[in-house]
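I have placed the structure first, in the form of structure tokens, so that the comments after it can refer back to it.
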Amino acid sequence: MTDLATNTPEVAAGSRSLWAVAMIRMRRNRAAMASLVILIVLALAGIFGPMLAPHSYAEVYPEFVKVDPSLEPYPQEAQIIPSAETALRRARVDIESIEVGGGEVVIGLSSSREIDPRITRYVDRSDVFSNAEITEIAEDGLSATMVADVQQLYFLMGTDANGRDLFSRILISLRISLMIGALATGVALLIGVLYGATAGFVGGRVDNVMMRIVDILYSLPFVFFVILLVVFFGRNLVLMFIAVGAVEWLDMARIVRGQTLSLRRREFVQAAETLGVSGWDILRRHIIPNTLGTVIIYMTLLIPKVILLESFLSFLGLGVQEPLTSLGVLIAEGAKNMRNAPFMLFYPAATMTILLFALNFLGDGLRDALDPKDR
Amino acid sequence: MAEQERVLDVDNVRVTFDTPDGEVRAVRGVSMHVNPGESVAVVGESGSGKSQVMMAAMGLLASNGRVEGSVRYRGQELVGLPLKALNDIRGVKVTMIFQEPMTSLDPLFTIEDQLSEPLRVHGGLSKREASARVLELLELVQIPNAKARMSAYPHELSGGQRQRVMIAMALANDPDLLIADEPTTALDVTIQAEILQLLADLQARLGMSILFITHDLGIVEAFADRVYVMNKGLVEEEGPTERVFHAPQTEYTRMLLAAEPEGHKAPVGPDAPVLLRGENVQVTFGRPKGFLRPDTQLHAVRGINLTLRKGQTIGVVGESGSGKSTLGRALLQMLPSTGRVVYLDNDIEGLDRAAMRPYRKGLQMVFQDPYGSLSPRLTTGEIIAEGLQVHEPGLSRKERQRRVAEAMSDVGLDPSMRNRFPHEFSGGQRQRVAIARAVILRPQVIVLDEPTSALDRSVQKQVIELLRRLQVEHELSYVFISHDLAVVRALSDYLMVMKNGEVVEEGPVDAVFDHPTTDYTRTLMRAAFDLTSLLRPAARTGT
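These protein sequences, in sequence, are chains A and B.
Residue numbers are given in UniProt numbering: position 216 of the first sequence equals residue 216, and the series is strictly consecutive.
Residue numbers are given in UniProt numbering: position 21 of the second sequence equals residue 21, and the series is strictly consecutive.
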């Protein structure tokens, strides 16, 4: 084999699949890589955030309704001092000094009469303080130092109209929205790819019938379809996935069918036919893997679409149920309270925007990376 | 000739592409020039950088390409020239025609629209003047019935006519230099000869220079005054055509010249067993006239008889559209057909996929396009092993690996490359993979559908040697479909010439080649083997 020697060096040293090449191209796209990192961070926040957050997403703090976002803990100093004054006025002692810090309040007391240590009860009775005790008392009993614990709560993004921590609610809504996005897209992917590839590959009358079914489903109004489902089965998260997935697979089926039609004419499919490979194996080994580039790109564009769809349904009140929430629900609530609590709209909307931006940029990056024409 | 009179002067041009794998230096310092009225050919195999030199000169490089060096048109520097100034030269004084006449014309406009627009925009002609000029140009490029053709759309023209329109477009502003980048590669040999004849004729009449980029040495010999041989981004050799062809000075040029397919196959005896027999095979696409439906029938193959004996190679030649590929597919039952196909005394006509499966093992096919016939997501090993999984599912993994390795070394590939993907191989290697996929099943008949036409001549020669050796070693019978008469002559012992779905002539190869009986075959032969005699008289009328 003389030509063996001349041919071998043409091949690059390492073996790289098309996916590996795509990965290299992807890495050079900064926007897409940044989007990928943001997405991973958001997904981790959605999965682990609710477990680690200081407040439960369902916990109601009636005394802190619609408080502004703040890096300072609640109750703030400005609220502690008046409540301490009110409580101690009842105990008929004068306040000499108040210091707030480290989860406790130190109050210097003085009185014209001897101070009774039991006045701590007055302080404990307030919602703000607990475990009040007199730590020092002067020998004449006319002045004392009282220390009480103050429950300090951080509401970084404020609280909602029911007094629930908005940050925790955004974390859980991320989880729900991403889950709906991923699962509904998964459902759409599975049905769409199999349906489209089958229709395109079998062709002829079967293809005709299958695609007419798709056309009929297309013509059903989506909202009507969801309302029907909700009326029959009640509001249910699983139902949401099915409803959204059942609608979105139609696009996927059409895309995959188109791809399959062109792949079926390619010589490697004909080669497999001359080898006697069965129809299912041709579909599985030759056609579906070659549609995956397009499918993945479409998927990254479908996820934001599904998230928006879910938001739309939740906005209409057809989506997830309280106390669970999704980005769409949060935005809807925020929109209602836009005037007196704009932060309730701002934070969920910002989260949603970042999420959608990241998904779209990633989709664009993947499209460029997987585009075989550019190779 | 004095330097300033040169039409085009390319001086130490380098072209570099930035790719994810680092820089690719496609052209590494090339100098060439074109004198007025001269035909110059740049010849080289694919990847030699022959097209990229001219793309760089015309400012048409892909966005990741960089050009260094100097390209001068009549002394004016083109590299780094602002786009506006460059457009005054390119497309006006220096024009290009490309390989693909199918995609170079906008399908939405008529021929007249496409041709007259640049005349009106650049030449400042009125609508009527432009129309007259278009007619003149179409007559110049010898489009039959030019007046009627002006209102035709591109899809109504044949490939050769489209290429003529492209030439007319290039001639619109009386260029000094026409750069032709493989203008006839996509065309049939007879059309190729006509187009070359036209170019030679136009050159003699208009006195322009032609720079011809091609991989086909036959064209170069017939057409060019001077030739540059390029290899791996460098000029290997340059000189007058006759000198280069008769006294090549470098090893590479000698190798190129020696790459013409050669050899001969002895016919098999009349008593050799018949493997495959086709009787009155017909393939019809479309549907007959029905209620409210026009007749869309196209008879691609009309009643062909074929008998393939053991060890025989039947060459099937014909131009595009003659039905030769369709015939090959119909024999393997990959298309619905009528008639009778008998394989080893079994009638396999019309069998469905499942019923055909037991016979598939013995009837294999190798396709034209080594890039398209290998699934891009599978490794070579998986591709070659696929047939084994179907026909010998009982094989152990290890045994299968052994068979794959055996088939790979059989076709001259290193078995250690079985984990690589097709895109990592060169065209010739991919065709070897495709052949390995067929021979691993130890078939008796292989239908070869233009297996060498997408390959460079030198690689083509290796593949022909390989096919010849495999035929002897495995006692294979081939149906060899090709438009390339030289390859067919080297490889087959029986020849069928097809035209419009019918066999116009058949017989032992030597008989048909030496004494063709029909005009069609004679035209084919002349266009394929005797370009020089067709072109030289036309090109040399002035001298």
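A virtual CB, placed ideally from N, CA and C, is assigned to each residue, including glycine.
Give a yes or no on whether the minimum CB-CB distance between residue i and chain B is below 9 Å.
i, result
"residue 285 (chain A)", "yes"
"residue 271 (chain A)", "yes"
"residue 201 (chain A)", "no"
"residue 266 (chain A)", "yes"
"residue 281 (chain A)", "yes"
"residue 274 (chain A)", "yes"
"residue 36 (chain A)", "no"
"residue 8 (chain A)", "In this prediction, residue 8 (chain A) scores a pLDDT of 34, lower than 50, which makes its location untrustworthy; the coordinate-derived value is nonetheless stated afterwards. It does: the Cβ of residue 8 (chain A) has a partner Cβ on chain B nearer than 9 Å."
"residue 292 (chain A)", "yes"
"residue 223 (chain A)", "no"
Do we get a CB-CB distance below 9 Å when we pair residue i with the residues of chain A?
i, result
"residue 540 (chain B)", "Reliability fails at residue 540 (chain B), whose pLDDT of 45 lies under 50, so the model's placement of it is uncertain and no value is given."
"residue 230 (chain B)", "no"
"residue 361 (chain B)", "yes"
"residue 46 (chain B)", "no"
"residue 387 (chain B)", "yes"
"residue 403 (chain B)", "no"
"residue 350 (chain B)", "no"
"residue 373 (chain B)", "yes"
"residue 367 (chain B)", "yes"
Where do the N-terminal and C-terminal ends of the alpha helix (DSSP H) with residue i fall, by residue?
i, result
"residue 225 (chain A)", "222–233"
"residue 196 (chain A)", "166–202"
"residue 340 (chain B)", "Careful: residue 340 (chain B) lies outside any alpha helix (DSSP H), inside the beta strand (DSSP E) at 338–343."
"residue 191 (chain B)", "189–206"
"residue 343 (chain A)", "343–370"
"residue 391 (chain B)", "380–391"
"residue 312 (chain A)", "288–315"
"residue 268 (chain A)", "267–274"
What first and last residue would you give for the beta strand (DSSP E) that runs through residue i?
i, result
"residue 252 (chain A)", "Counting along the chain, residue 252 (chain A) falls outside any beta strand (DSSP E), though it belongs to the alpha helix (DSSP H) covering 237–264."
"residue 508 (chain B)", "502–508"
"residue 123 (chain A)", "Taken as a continuous stretch (DSSP letters only), residue 123 (chain A) belongs to no beta strand (DSSP E), being part of the alpha helix (DSSP H) at 120–125."
"residue 246 (chain B)", "Not the beta strand (DSSP E): residue 246 (chain B) falls in the alpha helix (DSSP H), residues 241–246."
"residue 478 (chain B)", "477–482"
"residue 155 (chain B)", "That residue, residue 155 (chain B), is in no beta strand (DSSP E); it is neither H nor E in DSSP."
"residue 519 (chain B)", "That residue, residue 519 (chain B), is in no beta strand (DSSP E); its alpha helix (DSSP H) goes 519–529."
"residue 9 (chain B)", "8–19"
"residue 497 (chain B)", "494–499"
"residue 291 (chain B)", "Here residue 291 (chain B) belongs to no beta strand (DSSP E), and DSSP marks it neither H nor E."
Compute the distance between the beta-carbons of residue i and residue j, then report whether it is under 9 Å.
i, j, result
"residue 153 (chain A)", "residue 82 (chain A)", "no"
"residue 506 (chain B)", "residue 495 (chain B)", "yes"
"residue 341 (chain A)", "residue 161 (chain A)", "yes"
"residue 479 (chain B)", "residue 313 (chain B)", "yes"
"residue 270 (chain A)", "residue 294 (chain A)", "no"
"residue 311 (chain A)", "residue 352 (chain A)", "yes"
"residue 31 (chain B)", "residue 11 (chain B)", "yes"
"residue 482 (chain B)", "residue 450 (chain B)", "yes"
"residue 233 (chain B)", "residue 29 (chain B)", "yes"
"residue 324 (chain A)", "residue 57 (chain A)", "yes"
"residue 157 (chain A)", "residue 166 (chain A)", "yes"
"residue 403 (chain B)", "residue 446 (chain B)", "no"
"residue 157 (chain B)", "residue 165 (chain B)", "yes"
"residue 55 (chain A)", "residue 164 (chain A)", "yes"
"residue 242 (chain B)", "residue 253 (chain B)", "no"
Closest to residue i by C-alpha separation, out of the options, would be which residue?
i, options, result
"residue 258 (chain B)", "B:266, B:245 and B:264", "B:245"
"residue 262 (chain A)", "A:280, A:290 and A:161", "A:290"
"residue 489 (chain B)", "B:431, B:263 and B:534", "B:263"
"residue 274 (chain A)", "B:191, B:352 and B:485", "B:352"
"residue 194 (chain A)", "A:292, A:176 and A:52", "A:292"
"residue 208 (chain B)", "B:362, B:504 and B:8", "B:8"
"residue 80 (chain B)", "B:57, B:91, B:51 and B:308", "B:57"
"residue 475 (chain B)", "B:211, B:18, B:308 and B:218", "B:308"
"residue 383 (chain B)", "A:33, A:277 and A:362", "A:277"
"residue 18 (chain B)", "B:5, B:45 and B:61", "B:61"
"residue 175 (chain B)", "B:91, B:319, B:368 and B:354", "B:91"
Extract the residue ranges of the beta strand (DSSP E) inside the segment 22–101 of chain A, only unbroken runs of 3 or more that lie entirely within it.
94–101
Return the chain-ordered ranges of every beta strand (DSSP E) run that is complete within the segment 396–473 of chain B and spans a minimum of 3 residues.
If only complete runs of 3 or more residues are kept, the segment 396–473 of chain B shows the beta strand (DSSP E) at 445–449, in order along the chain.
What are the complete beta strand (DSSP E) segments, minimum 3 residues, inside the segment 247–288 of chain B?
When DSSP assignments are scanned along the segment 247–288 of chain B, the uninterrupted stretches of beta strand (DSSP E) that are 3 or more residues long and fall wholly within it turn out to be 274–285.
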